[in-house]
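S.K.: Quick one: structure below, then a few questions.
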Amino acid sequence: MIGVILTAILLAITVIGIVYRWYKRRERAKLLKQPFEVHFLIPKQTEFKVDYHPQDNEYHYPDELSLPSNSETVVVVWMKPRLNIVLSELQFGCTGDNESKPEPLYYFNWWVKEGPRKEIHPETDENHYRDTANIYHMMYHGRAIPEGEVHLPGLRIRTKEKGKYDFWIGVIMPEGRSDKTLKINVV
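Start counting the sequence shown at 242; every next residue gets the next number (our numbering).
Here is the structure:
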């Protein structure tokens, strides 16, 4: 009789464990579809000046920016992971015609005061490159980013013709990929 009771208890524990692991895998798979909360960042006016958006003493997180045409400016992307992830690569760029859409030129660390990491150019860093569609790639080679740790990539962007463009962000992880789109209005 004791053997039957112990078997029933062990069976219940096993079933509960299997169901729990299944639920956690399903929950993680759902989060991996959008592993980051993503917005543009307008820094505080005392931290870094931007000329395309009003600034004050607070951070602002718009999903749409208006940039002047035929100019170059720094755009900061605010990315906060919803779970612990391992990054292989980040990709940034606008969709549309290469001749008219804004193009990212190089990585810009807006929070670095001075030093070689302030600007990272594809010509000088093997982990950064632009492809033929003017998408900017940053290789991370398995860098772990903990849940909640904000990541702030900045990009120097050259605008061209006026128009509305989708600003596409690709996140490549060993577990798969995710995409997010913000908006850039070139005026």
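Built from N, CA and C at the ideal position, the CB exists for glycine as well.
Small disclaimer: the values here were computed from a predicted structure and weren't measured.
(1) Quick check: the Cα distance between Pro-284 and Ile-386, rounded to an integer number of angstroms?
(2) Where DSSP assigns a beta bridge to Met-242, which residues make up the other side?
(3) In angstroms, rounded to a whole number, what distance separates the CA positions of His-382 and Pro-415?
(4) Under 8 Å: do the region 328-347 and the region 292-304 share three or more Cβ pairs, one atom per stretch?
(5) Beta-carbon separation of Ser-419 and Lys-274 under 9 Å?
(6) Which residue marks the beginning of the beta strand (DSSP E) containing Val-427, and which one marks its end?
(7) Touching or not, the region 359-368 and the region 299-313, by the rule of three or more beta carbon pairs under 8 Å?
(8) In whole angstroms, give me the CA-to-CA distance for Arg-371 and Ile-398.
(9) Our contact map puts Pro-303 next to Phe-281 with C-beta atoms below 8 Å; I'd like the distance itself, whole angstroms only.
(10) Quick one: what does DSSP say Gly-395 is sitting in, helix, strand or coil?
(11) For Leu-252, which of helix, strand or coil comes out of DSSP?
(12) In three-state terms, what does DSSP make of Trp-263?
(13) Per DSSP, Trp-409 is paired with what?
(14) Classify Ala-374 as helix, strand or coil using the three-state DSSP reduction.
(15) When burial is assigned at 16 or more other CB atoms within 10 Å of the CB, is Asn-325 buried or exposed?
(16) Do Lys-342 and Lys-401 have their CB atoms nearer than 9 Å?
M.R.: In brief:
(1) 22 Å
(2) DSSP, once it has assigned bridges, lists no residue as partnering Met-242.
(3) 10 Å
(4) no
(5) yes
(6) 417-427
(7) no
(8) 12 Å
(9) 5 Å
(10) strand
(11) helix
(12) helix
(13) Gly-334 and Thr-422
(14) coil
(15) exposed
(16) yes
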